[in-house]
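Chemist: I'd like to ask some things about the structure below.
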Ligand SMILES: CC(C)(COP(=O)(O)OP(=O)(O)OC[C@H]1O[C@@H](n2cnc3c(N)ncnc32)[C@H](O)[C@@H]1OP(=O)(O)O)[C@@H](O)C(=O)NCCC(=O)NCCS
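Residue numbers (our numbering): 482 to 685.
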């Protein structure tokens with residue numbers, strides 16, 4: 482899998498390359514140094530892309546936000562965000578570079594994200610997805626999300642409706658088993674960097 486152009490400078494203390502296995506995808510906490518790659522991918526993916534500043538602001542709220550990147554040779558090839566609310570988790574964003582789709586990268590991100598949600602004590606996660614976005618809906622369905630309603634005209638670029646999806650009972654053994662079987666079907670082992678201790682402390 483060859484990474485696209487917007488390569489970041491590797492940081493030797495990160496241990497990403499040694500930790501990589503198989504196709505070399507590593508899921509890691511999103512950091513400011515990843516934002517150049519994230520914003521480039523965001524601009525290529527969304528009609529109304531989030532700005533770097535917006536991502537930066539999100540990263541400043543680790544108590545209620547959890548952002549991940551998927552890296553291939555230190556290049557951002559995907560990202561996923563989660564916001565914790567009193568009603569549960571909310572997937573705020575998910576995207577994978579169009580050059581490397583259908584290789585299980587979104588699945589890796591969601592596996593780590595949903596397990597992190599459970600670690601935070603969240604038992605339900607919701608999201609909005611364009612009503613015409615069948616690939617994403619199919620992905621979420623595999624992860625146990627089910628339709629829960631429609632938000633009319635939710636997307637400002639074309640007034641498209643959003644399908645609201647929910648995954649409940651994240652902490653139940655059935656859901657754990659679902660995630661384990663998705664992980665077992667990946668074509669190479671899931672490699673995920675743990676947050677550092679200061680980040681863990683900020684989350685408590
Ligand atoms: C949706 C998206 C994140 C999927 O990323 P991905 O890395 O290609 O997804 P994965 O390879 O992990 O796919 C896992 C499963 O999801 C489903 N899926 C993914 N893409 C699909 C497609 N184009 N058509 C049908 N099913 C699809 C399949 O069940 C797939 O499993 P399979 O490949 O074994 O059949 C990616 O297409 C993307 O970035 N799209 C644009 C942004 C977007 O729509 N984000 C979601 C906003 S709510």
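Even glycine gets a Cβ: it sits at the ideal position worked out from N, Cα and C.
1) Given this structure, state the Cα-to-Cα distance separating residue 575 from residue 654, to the nearest angstrom.
2) What ranges does the alpha helix (DSSP H) occupy inside the segment 593-672, keeping only unbroken runs of at least 4 residues that lie completely in it?
3) Assess, as a yes-or-no matter, whether the segment 632-649 is touched by the segment 662-670 under the definition of 3 or more beta carbon pairs within less than 8 angstroms.
4) Taking only three categories from DSSP, how would you classify residue 521?
5) Take residue 613 as the anchor and find which of 560, 511, 551 and 643 has the nearest alpha-carbon.
6) Looking only at its own chain, which residues have a Cβ that is under 7 angstroms from the Cβ of residue 585, when we skip the five neighbours before and after it?
7) Is there contact here, the segment 645-661 with the segment 527-544, by at least three beta-carbon pairs under 8 angstroms?
8) What residues match up with residue 573 in a beta bridge as DSSP calls it?
9) Contact between the segment 512-527 and the segment 548-561 is defined here as three or more beta-carbon pairs at a separation below 8 angstroms; is this criterion met?
10) So, with DSSP's three-state summary, where would you put residue 584?
11) If you measure from the CB of residue 668, is any heavy atom of ligand 1 nearer than 6 angstroms?
12) According to DSSP, simplified to helix, strand and coil, what is residue 487?
Modeler: On the basis of the data shown:
1) Cα-Cα distance, rounded: 25 angstroms.
2) Counting only runs of 4 or more, we get 615-623 and 654-665.
3) No, because fewer than three Cβ pairs between the segment 662-670 and the segment 632-649 fall closer than 8 angstroms, the two stretches do not touch.
4) Correct three-state label for residue 521: helix.
5) Distances from the alpha-carbon of residue 613 to those of 560, 511, 551 and 643 put 643 closest.
6) For residue 585, where only same-chain residues beyond five positions count, the Cβ hits under 7 angstroms are 667 and 668.
7) By the Cβ criterion, the segment 645-661 is not in contact with the segment 527-544, since fewer than three pairs of Cβ atoms, one from each stretch, lie closer than 8 angstroms.
8) DSSP lists no partner for residue 573.
9) Segments in contact, yes.
10) In the structure shown, residue 584 sits in coil (DSSP, three-state: anything other than H, G, I, E or B).
11) Taking 6 angstroms as the cut-off, one finds no heavy atom of ligand 1 near enough to the beta carbon of residue 668.
12) Only weak support exists for where residue 487 lies, its pLDDT of 41 falling under 50; the coordinates are left without a value.
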